[in-house]
Amino acid sequence: MTLTAAPGRARQAAGWRPPATSYGLGLAVAGVAAAWGVHRLLPAVPLLTAAVVLGIVAAHLPGARGLVRGVCRAGLSLAGKRLMRLGIVLLGLKLSLNDVLGLGWATVAMVLGVVAATFCGTWWLGRRMGLRGDQPLLIATGYSICGASAIGAVSEVSDSDERDVATSVALVTLCGTLAIAVLPLLQHPLGLGDAAFGRWVGASVHDVGQVVATAQTAGPAALGDAVLVKLVRVALLAPLVAVLATSVRARGRVKRTGGSGGQEIGGQEAGGQEAGNQQAGGQEAKRRPPLVPLFVLGFLAMTALRSTDVLSTAVLDTAATAQELLLAAALFGLGSAVHLPSLTRTGARVAALGLCAWVVIAGASYGGVLLTT
Numbered sequence: 011m012t013l014t015a016a017p018g019r020a021r022q023a024a025g026w027r028p029p030a031t032s033y034g035l036g037l038a039v040a041g042v043a044a045a046w047g048v049h050r051l052l053p054a055v056p057l058l059t060a061a062v063v064l065g066i067v068a069a070h071l072p073g074a075r076g077l078v079r080g081v082c083r084a085g086l087s088l089a090g091k092r093l094m095r096l097g098i099v100l101l102g103l104k105l106s107l108n109d110v111l112g113l114g115w116a117t118v119a120m121v122l123g124v125v126a127a128t129f130c131g132t133w134w135l136g137r138r139m140g141l142r143g144d145q146p147l148l149i150a151t152g153y154s155i156c157g158a159s160a161i162g163a164v165s166e167v168s169d170s171d172e173r174d175v176a177t178s179v180a181l182v183t184l185c186g187t188l189a190i191a192v193l194p195l196l197q198h199p200l201g202l203g204d205a206a207f208g209r210w211v212g213a214s215v216h217d218v219g220q221v222v223a224t225a226q227t228a229g230p231a232a233l234g235d236a237v238l239v240k241l242v243r244v245a246l247l248a249p250l251v252a253v254l255a256t257s258v259r260a261r262g263r264v265k266r267t268g269g270s271g272g273q274e275i276g277g278q279e280a281g282g283q284e285a286g287n288q289q290a291g292g293q294e295a296k297r298r299p300p301l302v303p304l305f306v307l308g309f310l311a312m313t314a315l316r317s318t319d320v321l322s323t324a325v326l327d328t329a330a331t332a333q334e335l336l337l338a339a340a341l342f343g344l345g346s347a348v349h350l351p352s353l354t355r356t357g358a359r360v361a362a363l364g365l366c367a368w369v370v371i372a373g374a375s376y377g378g379v380l381l382t383t
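One gets our numbering by counting positions in the sequence shown from 1 and adding 10 to each.
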């Protein structure tokens with residue numbers, strides 16, 4: 011009589027292996043724990059900044075480098091995309107429509123003007139400087155909206171190269187971290203009171219955590235205004251992603267319909283070409299992003315939920331912690347994709363674009379604060 015091994019024993023005998031992404035996700039969790047330790051030891055260093063830096067270090071550290079580029083790559087890439095989406099959804103719980111409307115229409119209009127000037131100016135300048143791939147778009151988004159979170163959201167609809175995303179995140183994070191030290195030194199020379207300084211920080215610093223770290227140096231009044239103004243910028247993430255998704259869909263339609271010409275090449279050949287075009291069009295249609303990505307709808311749903319004031323403080327605090335941990339894991343994954351030798355080839359131009367974008371957003375927001383104070 012033939013005995014059949016139990017399924018569990020059969021898998022064990024065959025050498026069961028965990029999913030390919032588990033190694034990278036485990037490394038991302040370890041990276042978040044290490045970043046949290048750095049933040050605890052050095053509170054001036056935001057958790058998200060530490061996560062990006064540690065991801066870059068892991069990608070170049072002898073011993074860890076092979077793991078990051080090999081068995082852990084799939085999980086780290088998954089963290090950089092999927093966990094980023096979940097973090098962006100929870101980011102919506104930081105935004106209340108009532109708080110935004112309480113700022114007044116003049117401040118809201120000022121923020122819209124600053125975001126538009128920064129986004130358009132940085133994108134145009136990056137293209138003029140000849141930066142590769144989607145770097146101009148991603149850097150412009152990160153500076154104008156909300157740093158690494160915005161870069162991750164836009165990269166989803168633009169299908170950007172992972173290296174472009176990692177480089178843009180590293181640059182925006184670096185400049186936002188420098189702002190924590192530089193902007194407080196400029197408050198009194200620029201003649202800004204505490205509330206005006208807070209609005210300037212909220213309109214010009216990239217990441218929410220960096221805004222908090224910078225504005226708290228001028229007291230609670232500055233911190234409150236800074237966070238509110240910053241959240242107005244965060245609210246613009248959804249319409250920006252929707253516009254870019256529409257643009258990507260339109261480009262896909264142009265690629266499928268353009269260049270067909272009016273010449274007839276013969277029945278069989280023309281029919282074959284038409285079938286090929288239809289097949290390519292079908293593949294292109296599958297790659298087209300939705301008009302409003304699911305994670306953006308989740309972001310809007312969380313904002314609407316927060317605006318109802320039905321959530322307790324404990325729930326909001328828990329969600330804020332989860333959001334920061336998810337983004338930290340995502341940024342560790344993105345940081346691990348940075349390849350410094352490749353970055354040095356365009357490093358001078360990327361750094362120059364970052365400096366110019368920093369000047370644009372700081373100058374535009376300073377002028378906007380003076381006009382609305």
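Cβ coordinates follow ideal geometry from the N, Cα and C atoms, glycine included.
CB contact flag (residue i, residue j, <9 Å)
i       : j       : result
Thr-313 : Leu-122 : no
Met-139 : Gly-378 : no
Val-179 : Ala-158 : yes
Cys-185 : Leu-101 : no
Gly-208 : Ala-236 : yes
Met-94  : Gly-203 : no
Ala-43  : Leu-86  : no
Leu-238 : Gly-212 : yes
Val-78  : Ala-68  : yes
Val-215 : Thr-117 : no
Leu-181 : Gly-41  : no
Leu-336 : Leu-96  : yes
Tyr-376 : Trp-210 : yes
Three-way DSSP call (helix, strand, coil) for residue i in this model
i       : result
Arg-142 : coil
Asp-109 : helix
Cys-156 : coil
Thr-384 : In this structure the chain extends from 11 to 383, so residue 384 is not present and cannot be described.
Asp-327 : helix
His-49  : helix
Leu-202 : coil
Cys-366 : helix
Ala-358 : helix
Val-348 : coil
Pro-72  : coil
Ser-170 : coil
Cys-127 : The amino acid at residue 127 is misidentified as Cys; the sequence shows Ala. Ala-127: helix per DSSP, three-state reduction.
Asp-217 : coil
Pro-56  : coil
Ala-252 : helix
Asn-287 : Bear in mind that the predicted position of Asn-287 carries a pLDDT of just 46, short of 50, making it too unreliable to give a figure here.
Val-121 : helix
Cys-82  : coil
Leu-384 : This structure does not reach residue 384, given that the chain is present from 11 up to 383, and the question cannot be answered.
Thr-383 : coil
Ala-30  : coil
Gln-333 : helix
Gly-377 : helix
Leu-241 : helix
Gly-90  : helix
Gln-226 : helix
Gly-343 : helix
Alpha carbon of residue i to alpha carbon of residue j, nearest angstrom
i       : j       : result
Ala-374 : Leu-246 : 17 Å
Thr-128 : Pro-56  : 24 Å
Thr-323 : Gly-73  : 44 Å
Trp-115 : Ala-206 : 16 Å
Ser-270 : Val-253 : Here Ser-270 scores only 43 on pLDDT, less than 50, and its place in the model is too uncertain to base an answer on.
His-49  : Pro-249 : 33 Å
Pro-351 : Leu-111 : 47 Å
Arg-142 : Gln-333 : 31 Å
Ala-60  : Gly-308 : 27 Å
Thr-183 : Ile-149 : 11 Å
Leu-35  : His-198 : 45 Å
Gly-292 : Ala-311 : Legend: pLDDT at Gly-292 = 45, less than 50; position of this residue unreliable, no value from coordinates given.
Ile-98  : Val-167 : 14 Å
Ser-170 : Thr-177 : 12 Å
Gln-288 : Leu-381 : With a pLDDT of only 44 at Gln-288, under 50, the local geometry of the prediction cannot be trusted, and no value is derived from it.
Val-360 : Asp-144 : 12 Å
Ala-260 : Gly-136 : 23 Å
Thr-331 : Leu-64  : 20 Å
Pro-146 : Ala-358 : 14 Å
Cutoff 9 Å: residue i Cβ touching any chain C Cβ
i       : result
Gly-114 : In summary, chain C is missing from the structure at hand, where a single protein chain is found.
Beta-carbon proximity list for residue i, same chain, < 6 Å, skipping 5 on both sides
i       : result
Ser-165 : Val-175
Gly-219 : Pro-56, Leu-58
Ile-66  : Gly-345, Val-348
Gly-343 : Ala-38, Leu-86, Ala-89, Gly-90
Leu-341 : Leu-58, Ala-61, Val-62, Ala-158
Ala-191 : none
Close-in-space but distant-in-sequence residues of the same chain around residue i (CB under 8 Å, 5 per side omitted)
i       : result
Arg-316 : Gly-102, Leu-103, Lys-104, Leu-105, Ser-106, Leu-326
Neighbourhood of residue i by C-beta distance below 7 Å, restricted to the same chain and skipping five residues each side
i      : result
Thr-31 : Ala-84, Gly-85, Leu-88
Open item on the list: Measuring CB atoms only, is the segment 115 to 132 touching the segment 367 to 375, in the sense that at least three cross pairs come out at less than 8 Å?
Closed with: yes
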